[in-house]
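Residues in the sequence shown are numbered consecutively from 0, following numbering that gives the first Met the number 0.
Ideal Cβ placement from N, Cα and C applies to all residues, glycine included.
First up is the structure itself, then whatever we jot down about it.
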Amino acid sequence: MTGEENLNPFAVAMAQFDRAACYLDLDDGLRELLKTPKRQLIVSIPVKMDDGGLRVFEGYRVQHNVARGPGKGGIRYHPDVTLDEVKALAMWMTWKCATVNLPYGGAKGGVRVNPKELSRGELERLTRRYATEIAPLIGPDRDIPAPDVYTDAQTMAWIMDTISMFKGHTELGVVTGKPVELGGSHGRQEATARGCQFVIREACRMLGLPLTGATVAVQGFGNAGSNVARFLHEDGARIIALSDSKGGIYNPHGIDPEAALEHKARTGALHGLPDTEAITNEELLELPCDILVPAALENQITRRNADRVRARLIAEAANGPTTPAADDILFERGITVIPDILANAGGVSVSYFEWVQDQYGFFWSEAEVRHHLERIMTRAFHEVRATAERHRVDLRRGAYILAIGRVAEATRVRGIFP
Ligand code: GLU
Numbered sequence: 000m001t002g003e004e005n006l007n008p009f010a011v012a013m014a015q016f017d018r019a020a021c022y023l024d025l026d027d028g029l030r031e032l033l034k035t036p037k038r039q040l041i042v043s044i045p046v047k048m049d050d051g052g053l054r055v056f057e058g059y060r061v062q063h064n065v066a067r068g069p070g071k072g073g074i075r076y077h078p079d080v081t082l083d084e085v086k087a088l089a090m091w092m093t094w095k096c097a098t099v100n101l102p103y104g105g106a107k108g109g110v111r112v113n114p115k116e117l118s119r120g121e122l123e124r125l126t127r128r129y130a131t132e133i134a135p136l137i138g139p140d141r142d143i144p145a146p147d148v149y150t151d152a153q154t155m156a157w158i159m160d161t162i163s164m165f166k167g168h169t170e171l172g173v174v175t176g177k178p179v180e181l182g183g184s185h186g187r188q189e190a191t192a193r194g195c196q197f198v199i200r201e202a203c204r205m206l207g208l209p210l211t212g213a214t215v216a217v218q219g220f221g222n223a224g225s226n227v228a229r230f231l232h233e234d235g236a237r238i239i240a241l242s243d244s245k246g247g248i249y250n251p252h253g254i255d256p257e258a259a260l261e262h263k264a265r266t267g268a269l270h271g272l273p274d275t276e277a278i279t280n281e282e283l284l285e286l287p288c289d290i291l292v293p294a295a296l297e298n299q300i301t302r303r304n305a306d307r308v309r310a311r312l313i314a315e316a317a318n319g320p321t322t323p324a325a326d327d328i329l330f331e332r333g334i335t336v337i338p339d340i341l342a343n344a345g346g347v348s349v350s351y352f353e354w355v356q357d358q359y360g361f362f363w364s365e366a367e368v369r370h371h372l373e374r375i376m377t378r379a380f381h382e383v384r385a386t387a388e389r390h391r392v393d394l395r396r397g398a399y400i401l402a403i404g405r406v407a408e409a410t411r412v413r414g415i416f417p
């Protein structure tokens, strides 16, 4: 392996596709079709700022593939968002929905903005204008956004309201991840973490690694990371390290995630939590631990640090945290990776439940949501595992082989129009 690793997320997504597609009997044209995003929209979003000035932000919505159903995927607000990143995230959504067998294609949106610098009013105006700009693409039967990095239930409520104003009636099913009071589903908020917990339990059984007493490091303390830490702590695991965008905290004897949440709510950051030592995000990834959960952004485990990772199991709550070169190093070293398109599919699975509930106007209890989520995640884990074993590959390739096969089959039976 020579030369610099290509960390462009779309290049990574392409490489992941190629590394799995070669196990399937696909002709060149179909391969090309499956790799290509179906629609890409770039919009400019003018926002009146509180100081009277005007700022213009760039936003995107990409539908990668809709062969199996409407596009589905979150909207990300982050200063580093690019079209290539959104294309990659949309492609990952296609494979994610197919891995857990939801009747959806893949899509994703993003706005290049630092939401921490905006007031609530500015964020609302940005969101409503972005929703208006992407309105031609979205709808309950065509493309259904949801929360992602730095967006939440309030963001979804604004989008739902904006689209409903244009329609002249309330359109609950246009987005998921809404507040429970407004057509949202019980269990959606913590669904990504809950799904991750379910597949971690299965992987631990597979590896003969008892979850009780297992040491865990979690990178990222947003909705996914903070809840994974809480749930694994409840399962009896020892959370030895946590981090957010400002840095990490470490205590080999264990950190109480509730105390960390309370500290972060009060001070705005994890650092300074009593009885913890400051570490960097990079150091967190290299700690000796049983389970490592990257729950932040892409390209965290790369060719540079993969040989220093000392976890037994990696569960990707984030999208795209591990590069293909790192995958090879980890596989060779016997480290099991539960890939993002499986590990974090709990979020979109409960989004699917929310969409179903909105269509029927009939809402489920939290116990029902959890039961169906566990069923979906456990089945998907074992299907991925069986596919990986059959081809003697890692779980990422197994998941891709399963997912690409499903989308390819949908495309084949539909045929190419006209
Ligand atoms: N943003 C989440 C993801 O990456 C959820 C997407 C959804 O619920 O549609 O999977």
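Spatial neighbours of Asp147 within its chain, please: CB distance less than 7 Å, with the 5 preceding and 5 following residues excluded, ordered by chain position.
Gly73, Ile74, Arg75
Element boundaries [beta strand (DSSP E), containing Asp142]
142-146
The ligand GLU heavy atom lying under 8 Å from the CB of Ile133
no
Is Gln15 helix, strand or coil by DSSP?
helix
Would you call Asp27 buried or exposed, if buried means 16 or more other Cβ atoms sit within 10 Å of its Cβ?
exposed
Among Val349, Thr335, Glu408, Glu373, which one has its Cα closest to the Cα of Leu394?
Thr335
Contact belief for Ile400 with Trp94 at Cβ below 8 Å, rounded distance in angstroms:
About 10 Å; that fails the 8 Å criterion.
By the DSSP assignment, the beta strand (DSSP E) with Thr214 in it spans what residues?
214-218
His63, enclosing beta strand (DSSP E) - first and last residue
53-64
Hey, could you find the ends of the alpha helix (DSSP H) Thr335 is sitting in?
From DSSP, Thr335 is part of no alpha helix (DSSP H) but of the beta strand (DSSP E) over 335-337.
If we count the other Cβ atoms within 10 Å of its Cβ and call it buried at 16 or more, is Gly219 buried or exposed?
buried
Proximity of Leu29 and Thr410 at Cβ, strictly below 9 Å
yes
Host alpha helix (DSSP H) of Leu394 (start-end):
394-413
If we ignore side chains and look at the alpha-carbon of each, how far apart do Thr350 and His185 end up?
Note on identity: in this sequence residue 350 is Ser, with Thr being the wrong assignment. Using only the alpha carbons, I get a separation of about 10 Å.
Between which two residues does the beta strand (DSSP E) harbouring Lys107 extend?
105-111
Going along the chain, which residues of its own chain have a beta-carbon closer than 6 Å to the beta-carbon of Ala305, five neighbours each way excluded?
Ala325, Ile328, Leu329
Starting from the Cα of Lys166, find the closest Cα among Thr191, Ala134, Val179 and give me that residue.
Ala134
Please report the distance separating the alpha-carbon of Ile375 from that of Asp50.
48 Å
Taking the straight line between their C-alpha atoms, what separation do you get for Lys263 and Pro256?
10 Å
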